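Chains A, B, C and D, in that order, give the protein sequences.
Here our numbering = 1-based position in the first sequence + 68.
Here our numbering = 1-based position in the second sequence + 68.
Here our numbering = 1-based position in the third sequence + 68.
Here our numbering = 1-based position in the fourth sequence + 68.
The block underneath contains the structure these notes are about, expressed in structure tokens.
Number of protein chains: 4
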Amino acid sequence: MHSKIAILGGDMRQVYIAKNLIKKGYSVCTYHLEEPVQDGIYTELHSFEDAFKKCQILICPIPLTKNTLPIEDLTILFDKKLTKDHVLIGGAIPKEISEILDEKKIVYYDLMKNEKVAILNAVATAEGSIAAAIQSSVINLHGSKCLVLGYGRCAKVLAGKLKGLNAIVTVASRTEAALAYANAVAGLETVHLSDLEKILPNFEFIFNTIPSLILDKNYLTLVRPDVVIIDIASAPGGIDYEYAVERGLNAKLCLGLPGKTAPKISADILEGEILEFID
Amino acid sequence: MHSKIAILGGDMRQVYIAKNLIKKGYSVCTYHLEEPVQDGIYTELHSFEDAFKKCQILICPIPLTKNTLPIEDLTILFDKKLTKDHVLIGGAIPKEISEILDEKKIVYYDLMKNEKVAILNAVATAEGSIAAAIQSSVINLHGSKCLVLGYGRCAKVLAGKLKGLNAIVTVASRTEAALAYANAVAGLETVHLSDLEKILPNFEFIFNTIPSLILDKNYLTLVRPDVVIIDIASAPGGIDYEYAVERGLNAKLCLGLPGKTAPKISADILEGEILEFID
Amino acid sequence: MHSKIAILGGDMRQVYIAKNLIKKGYSVCTYHLEEPVQDGIYTELHSFEDAFKKCQILICPIPLTKNTLPIEDLTILFDKKLTKDHVLIGGAIPKEISEILDEKKIVYYDLMKNEKVAILNAVATAEGSIAAAIQSSVINLHGSKCLVLGYGRCAKVLAGKLKGLNAIVTVASRTEAALAYANAVAGLETVHLSDLEKILPNFEFIFNTIPSLILDKNYLTLVRPDVVIIDIASAPGGIDYEYAVERGLNAKLCLGLPGKTAPKISADILEGEILEFID
Amino acid sequence: MHSKIAILGGDMRQVYIAKNLIKKGYSVCTYHLEEPVQDGIYTELHSFEDAFKKCQILICPIPLTKNTLPIEDLTILFDKKLTKDHVLIGGAIPKEISEILDEKKIVYYDLMKNEKVAILNAVATAEGSIAAAIQSSVINLHGSKCLVLGYGRCAKVLAGKLKGLNAIVTVASRTEAALAYANAVAGLETVHLSDLEKILPNFEFIFNTIPSLILDKNYLTLVRPDVVIIDIASAPGGIDYEYAVERGLNAKLCLGLPGKTAPKISADILEGEILEFID
């Protein structure tokens, strides 16, 4: 077994990573990509097992289960078939999997723990959210009242860009320091999450980045009937979708935006980090 | 004949104008709208002639021929059927039509000559262009090199918003004063249109707002093969589309964006101006 | 008489223009500059008359009377001593003077009528105003409520920069189109000048760019006692200073800012335009 | 001894804190303020010892030694005269002092460890730096090439504001994550501190926020002779000032900016935190 690289599953980012590595002369195998690579010399495989047998380096998707297998099946497969000669690279690796990898002494790299990858991921996510908001609404973002729930990486990028489009942006967070920062560095309006109730009816757009049920039934009764809600928290999102549908709200769970709106640039960044890691 | 209002043709903005006026108690007739109004009391007509007969005030679309009739037929129809008791409101009224209206002493109002309407139109167009650019590309606008051709109303709004998204924006224009202004007020890079050739290969996004053939075959040979071109100049746009297709370029003519991405807010503004005019 | 250049009066911009031209090998005479040039070969003259005798090209200050002579004396002097062999260059040339120059068929160039010069002048003025506001106040611009009176060149640049510093900026103007533009292009709050009264007490900073008495006694009774007023309208400014002093207001007339805060860059731009004109 | 409050030393912020507390009816003593308070009822004391005797709550300056006593003398004084009944409030409390306070079981509060205070401090510092840069230079910030050394709190606020003024801003830091963040969230150019050498000659303005000797002799030989250097790192700053003078560079150490450019707003924030602490 030589240093063959398997690229597995995922979205268009995996396709672009494959293209990049093939062009650079790496020995590449692919399995279950969203789209065939077409150009250059590479091997298309027909099973995960095949990939594990033929390749030492396994480039898995972000998140790890995307267009691969359900987490339970993946766990079993990895447990049975991976050896300490493998190197596994992927994003948002769940604890179940990382425990197995640790146990089997398999070297692995969670790309989403790389700050550089994660923040550039946030940029693509922010742009995708903005496009979704423009297309889901019958008003402009310009001059509209926007609420951003949370002030982590994605929210910071998104709130800044919304302000750059001349929306009137309020950030809601539980952390006083985050709010002070949002105001001082980014010039945003702020509200403590516990004071949200009073001002919730003001907003024409709500962007959720908090991965827990913030917009529950209680809160959803308070929003404007014509509000546009864009939810970019990882599945299952932060909204009571059942009730949102019942009330006829315009709420949209947007997952995997980087793979949709900026697969090439995302792949370029991932590829750089991957090569730095394996070389 | 009392002051009945006919709302004719056009895009979703006409539908929202109709809804607004019905809700306010005006006596409204509709014909050939993009979508039925559904709520409230109004009359659905079955021909233009019918509208001219039953209604004094005629609210035509922006631009005037949108979802109505070809300009030639419209000219004939207006000439035959309109009288000086009519009041005609619409946008981008062509000279052929305005001459007839003048001759027949019909009061009319071109909404696109209203600076307030026109500039808010530009906002909706800019947002629609940005959404189109995000969705047409495999990279981010963030950090990308963007060229904006022209520096009129739409270009000013668009260039400012692209910069607000952290794109690196260059404005190209024929007017020295416009370029000085773009730099001093908006902090943009600038280039004289006659010096464009040298730097054309730099750009990852090109937004055209100039309604004449700027990106001809000559220029299109110079752009990057993976450039994204968004053309928002009024039809037929400013690009040699035949050659663009031949070279396999990603060029998109985006017309009527306000009616697509912000019909409600656009309608609210139009309605305000219309009521100020007719009351 | 050969093409000797006289550089006369004015602020530090004239000094830098002199330095630039001397360095480029032009034959330069100076009179009444704010500071001696020191480096290079040039002639220091001892009267205007001397300058007119020895030099064909006369580079006068912006505005024309700055550090030269009162307008009446200048008019007399020019009338008596200039001939049609002279070329006069200066800024904001008053009508009294231009009429004489026309009459005597003297070629002249008003630099402030050059859009490029004027707008870059506006940039330096805006930065100077911002520095003055920061230093005159005991609060931050960040998050403060700022009013910009007028929306001409200087106001456009200034309002944009204040927003860039995260101030909350409202523009007041008489022109509906200017206000629509301020909102759509620059994302600013707007108010019609006639509705100013109601909101005047809100503002912590007021920047006046309108060269007529806007902030009269009536209006000055409405502002907060701790407001900071920065007046950059050309002398005598747009404020009832007598009453401002009486009420103990913090109002500051800031004239000639480009010559104070950015003389070198301003001189570079002026020099470029001057050389283009005389070569 | 009742809960009398002593306000001691420092800059204009202490004066405004005193004014605020007096107005709210607190029993206030002052000693060694930069300016007399004038309005309201309060007691002016004549020694620190007097203050310690008469007051339980001691509001010391930011930083602690500002306009009080050298650190050695302050240490001795505190050690001798403070008891566990005192409550000490101040900013940037040095370790020598905090150790004594701990030992004597005196309750104390370092205001600069309050994230909210610290970040709003950063805002005032950023505005002061900008005013200093505008006034120290003969060019505009607009369009100029600015380097910001460091990307902590002050740098983040400052870099954002410089960009808001349309400067072209590069951030230099040792941390990859900080640089990725500066680019993704704030849209800034970035450079690793170790690659600074190559691009150092490009900059027209350099703002240092790193409290260690970054711009040593080596680096200072590389900067443009007409560069403007604004140093806001705490004393003794981050520049080899001796060599800077030798080379005739325009370098300025700006300390205590919040007390100079925004004492009132700073005092308001401090007072809020102080009251929350003592009530």
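Quick reminder that beta carbons are idealized off the backbone N, C-alpha and C, glycines included.
Here the structure is a predicted model, which is why all the values come from computation and not from measurement.
| Item | Value |
| --- | --- |
| P129(C): contacting residues in chain D (beta-carbon distance under 8 Å) | Neighbours of P129(C) on chain D: none; closest Cβ ~17 Å, over 8 Å. |
| Those residues which DSSP pairs with D178(B) across a bridge | G158(B) |
| Per-residue contacts from K224(D) into chain A (C-beta, under 7 Å) | V253 |
| Cut-off 7 Å between Cβ atoms - residues of its own chain near I187(B), not counting five sequence neighbours on either side | R221 |
| Residue from G218(D), A246(D) and L150(D) whose Cα sits closest to the Cα of C123(D) | L150(D) |
| Three-state class that DSSP yields for N276(B) in the structure shown | strand |
| Distance between I130(D) and T329(D) (C-alpha atoms, nearest Å) | 15 Å |
| Where T133(A) falls: helix, strand or coil (DSSP) | coil |
| For L169(A), the first and last residue of its enclosing alpha helix (DSSP H) | K163 to E171 |
| Three-state class that DSSP yields for H70(B) in the structure shown | Since pLDDT at H70(B) reaches only 48, below the 50 mark, its modelled position is unreliable, and no value is offered. |
| Reduced DSSP category for S197(C) - H, G, I as helix; E, B as strand; rest coil | helix |
| Buried or exposed (CB count within 10 angstroms, at least 16 for buried), T289(A) | exposed |
| Cβ of L87(B) within 8 Å of any chain A Cβ | Before going on, a small fix: residue 87(B) reads as Lys here, not Leu. No, K87(B) does not count as interfacial toward chain A. |
| L169(C) vs L179(C) beta-carbon contact at 8 Å | no |
| Among E272(D), L132(D), L264(D) and A240(D), nearest to I278(D) - alpha-carbon criterion | A240(D) |
| Opposing strand residues paired with C97(D) [DSSP bridges] | A74(D) and T111(D) |
| Backbone secondary structure at T243(C) - three-state DSSP | coil |
| Beta-carbon neighbours of Y177(C), restricted to chain B and to distances below 7 Å | The premise fails here: Y177(C) is roughly 16 Å from chain B at the closest Cβ pair, so nothing lies under 7 Å. |
| Positions along the region 213-239 of chain A whose CB lies within less than 7 Å of some CB in chain C | N234 |
| Cβ neighbours of N189(B) in the same chain (closer than 6 Å, five flanking residues each side left out) | P326 |
| Within 8 Å, strictly: CB atoms of A250(D) and Y219(D) | yes |
| Host beta strand (DSSP E) of N88(A) (start-end) | First-last for N88(A): M80 to K91, but that is the alpha helix (DSSP H), not the beta strand (DSSP E). |
| Proximity test, Cβ basis, 8 Å: L283(A) and chain D | no |
| Where the region 296-313 of chain A meets chain D: residues whose CB sits under 7 Å from a CB there | none |
| Limits of the alpha helix (DSSP H) - the one that D118(B) falls within | F116 to K122 |
| Interface residues of the region 320-337 of chain C facing chain D [CB-CB below 8 Å] | T329, A330, P331, K332 and I333 |
| Unbroken beta strand (DSSP E) run spanning K231(C), endpoints | Note, K231(C): premise wrong, no beta strand (DSSP E); alpha helix (DSSP H) at R221 to G232. |
| Test item: CB-CB of E272(C) and V296(C) under 8 Å | yes |
| Buried or exposed by the 16-neighbour rule on C-beta atoms within 10 Å, applied to A303(D) | exposed |
| Same chain only: Cβ atoms within 6 Å of M80(D), ignoring 5 sequence neighbours per side | E102, G327 and P331 |
| Pair within 8 Å by beta-carbon distance, E195(D) and L338(C) | no |
| Beta-carbon proximity list for V259(A), same chain, < 7 Å, skipping 5 on both sides | T238, A240 and I267 |
| For L317(B) and E344(A), the rounded distance between their alpha carbons | 33 Å |
| E257(B), enclosing beta strand (DSSP E) - first and last residue | E257 to H260 |
| I198(B) at chain A interface by Cβ criterion, 8 Å | yes |
| Counted within 10 angstroms of its Cβ, other Cβ atoms place V185(D) as buried (16 or more) or exposed | buried |
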